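Notes follow once the structure below has been shown.
Spelled out as structure tokens, the structure:
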């Protein structure tokens with residue numbers, strides 16, 4: 007958005023940085039109270055908006071509209087990190103990943119390993135993708151000003167440097183940039199396994215501010231789109247445009263070929279930032295609810311491509327950016343009405359997804375981050391205030407989310423509602439390989455002192471494996487051999503789990519060559535469905551062949567609990583229902 011240009015690199019990077027957010031994720035669901043009562047009438051410089059009851063969102067046939075947040079914490083505390091993720095995980099169906107910083111040009115150009123800190127950052131992000139959520143990833147070849155080549159990732163996080171000689175100062179459509187960007191984009195898709203990828207963040211700003219460069223990007227985009235589509239034909243590929251900039255006829259005309267080339271048109275829309283858009287040459291937005299309704303109505307007439315709101319938000323408090331001389335107008339009532347109208351239009355125009363930029367106001371963080379007034383741009387766009395009390399807009403979010411979860415094909419968060427029955431899992435497994443626990447032959451083999459049995463789950467109407475063990479000064483394990491070659495093409499492992507003790511369970515797979523890979527799964531007293539993507543598994547120390555998990559080489563699967571090694575005493579029971587090795591995720 008135009009506010010990105012006002013914030014500069016520091017401000018935007020601060021809000022999109024994923025690693026501080028991903029530490030210490032709690033699986034506890036936050037029970038939110040009722041939003042405070044709204045004022046009866048709000049008068050603001052954007053026009054008069056009257057509060058109304060939350061919208062009525064209908065269940066719809068076919069594909070539900072996915073919604074999600076960027077998981078930026080509201081304070082630099084563990085509690086803030088945990089509460090942010092609890093809200094995001096439990097109240098979204100789409101996991102958004104914005105990689106809007108540096109690009110490892112040098113490594114991508116030579117198709118070499120990326121910097122260790124970046125690989126670790128990606129591993130952290132992958133491990134935190136909630137079970138059952140679709141994934142959206144945004145990347146870009148541009149710097150924050152959307153006009154120049156992005157910087158080169160340094161050897162340490164936050165230490166950006168000049169791109170290599172082949173990239174530095176090159177045209178966006180040069181052979182070196184095209185080769186490196188395709189290699190980078192390919193690696194992103196392989197690692198995150200997204201449903202949607204955006205390969206040009208807010209790229210309309212190049213067309214708005216530096217139109218002579220646009221043909222270069224258009225050629226790079228077409229080249230990258232074709233290369234990715236050839237390798238990943240089901241991947242939905244698009245670019246992101248600032249809606250206010252698109253309203254300028256010359257911009258709309260210039261970018262139209264790129265829009266029509268795409269699988270979807272991505273939109274960045276923060277209507278409260280209209281004054282910033284005007285500073286950069288975009289047309290002013292009208293007052294009142296027309297501030298967002300008119301642009302969104304225009305958008306559907308502009309293209310018949312599927313629409314995705316890649317980032318949006320609305321401030322619930324007036325802010326003045328003194329250095330930029332920009333006023334940001336808004337309040338809680340206007341914020342709620344914006345979200346209500348956005349959801350209404352999304353249903354009318356069959357949007358793919360909507361991503362809200364921050365879940366919680368971060369006023370507590372305000373004096374702890376050294377990036378000047380940039381920190382005020384998004385500070386009050388949360389659907390919760392800084393004390394984590396829901397605003398009126400939260401009712402809109404919950405009502406819309408409930409409607410989408412009820413739609414056929416909808417995704418339900420395991421942190422909120424129990425999974426579908428294992429019998430239904432088997433019915434839709436298709437060419438997947440399934441361990442169904444129908445007979446004792448399906449059971450795992452426990453380590454010494456452990457016991458496994460079949461147990462009917464009355465609420466699920468299926469059998470599950472029950473694993474009982476007593477903690478000793480060693481790992482408790484149970485394992486099962488996998489027939490050779492049956493997992494070829496598998497991309498994820500899906501099962502349901504509950505436990506008598508709230509703690510993580512190790513899920514491990516062994517390759518016949520000797521390599522071992524693992525991930526951790528949260529388990530508590532409630533049944534929950536878990537989806538573990540193979541590209542998120544970690545290679546265990548020890549024998550190493552190629553360092554890549556090959557599904558067709560898997561010959562054994564394990565569950566484990568190592569708490570006994572750490573002095574935990576007592577016993578534990580873990581239940582696992584139907585394990586489905588999936589090819590389609």
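Residue numbers (the working numbering): 7 to 591. Every residue, glycine too, gets a C-beta built ideally from N, C-alpha and C. It should be emphasised that the depicted structure is a prediction, and the values quoted were computed from it without experimental measurement.
Asked, Found
"Less than 8 angstroms between the C-beta atoms of residue 578 and residue 443, yes or no?", "no"
"Round the Cβ separation of residue 278 and residue 336 to the nearest angstrom and send it over; I've been treating them as touching at under 8 angstroms.", "5 angstroms"
"Considering Cα atoms alone, identify which of 461, 514, 532 and 455 is closest to residue 576.", "455"
"Mind checking which residues open and close the beta strand (DSSP E) that includes residue 486?", "482–487"
"Once you ignore the five residues that flank residue 452 on each side, which residues in its own chain have a CB closer than 6 angstroms to its CB?", "458 and 484"
"Tell me the start and end of each unbroken alpha helix (DSSP H) in the segment 309–367 that is at least 4 residues and wholly inside, in chain order.", "338–355"
"Please classify residue 138: does DSSP put it in a helix, a strand, or coil?", "coil"
"When you compare only the Cα positions, how much space is there between residue 78 and residue 490?", "44 angstroms"
"Is it the case that the segment 115–132 contacts the segment 161–178, given that we only count it when at least three CB pairs across the two stretches are under 8 angstroms?", "yes"
"Which residues in the same chain have their Cβ closer than 7 angstroms to the Cβ of residue 349, if we skip the five residues on either side of it in sequence?", "61, 63, 402 and 406"
"If you compare alpha carbons, which of 247, 500 and 197 is closest to residue 207?", "247"
"Just to confirm, are residue 394 and residue 89 a CB contact at a threshold of 8 angstroms?", "yes"
"Quick check on residue 358: buried or exposed, where buried means 16 or more other Cβ atoms within 10 Å of its Cβ?", "buried"
"With a threshold of 7 angstroms, establish whether the CB of residue 281 neighbours any heavy atom of the ligand NAD.", "You won't find the ligand NAD in this model; it holds no ligand whatsoever."
"Work out the CA separation of residue 188 and residue 234 for me, nearest whole Å.", "8 angstroms"
"Going by DSSP, what residues sit across from residue 583 in a beta bridge?", "502"
"Identify which residue in 386, 87 and 150 has its Cα closest to the Cα of residue 368.", "386"
"Return the first residue and the last residue of the alpha helix (DSSP H) that residue 630 is part of.", "With the chain covering only 7 through 591, there is no way to say anything about residue 630."
"DSSP state of residue 566, grouped into three classes?", "strand"
"Can you name the start and end residues of the beta strand (DSSP E) that residue 223 belongs to?", "Per DSSP, residue 223 belongs to no beta strand (DSSP E); it is in the alpha helix (DSSP H), 220–237."
"Per DSSP, what kind of secondary structure is residue 522 in: helix, strand or coil?", "strand"
"What is the residue span of the beta strand (DSSP E) that residue 105 lies within?", "Taken as a continuous stretch (DSSP letters only), residue 105 belongs to no beta strand (DSSP E), as it is neither H nor E."
"Have a look at 362, 573, 391 and 360 and flag the residue whose alpha-carbon is nearest the alpha-carbon of residue 371.", "391"
"Our contact map puts residue 538 next to residue 513 with C-beta atoms below 8 angstroms; I'd like the distance itself, whole angstroms only.", "6 angstroms"
"Is it the case that the Cβ atoms of residue 588 and residue 500 are separated by a distance below 8 angstroms?", "yes"
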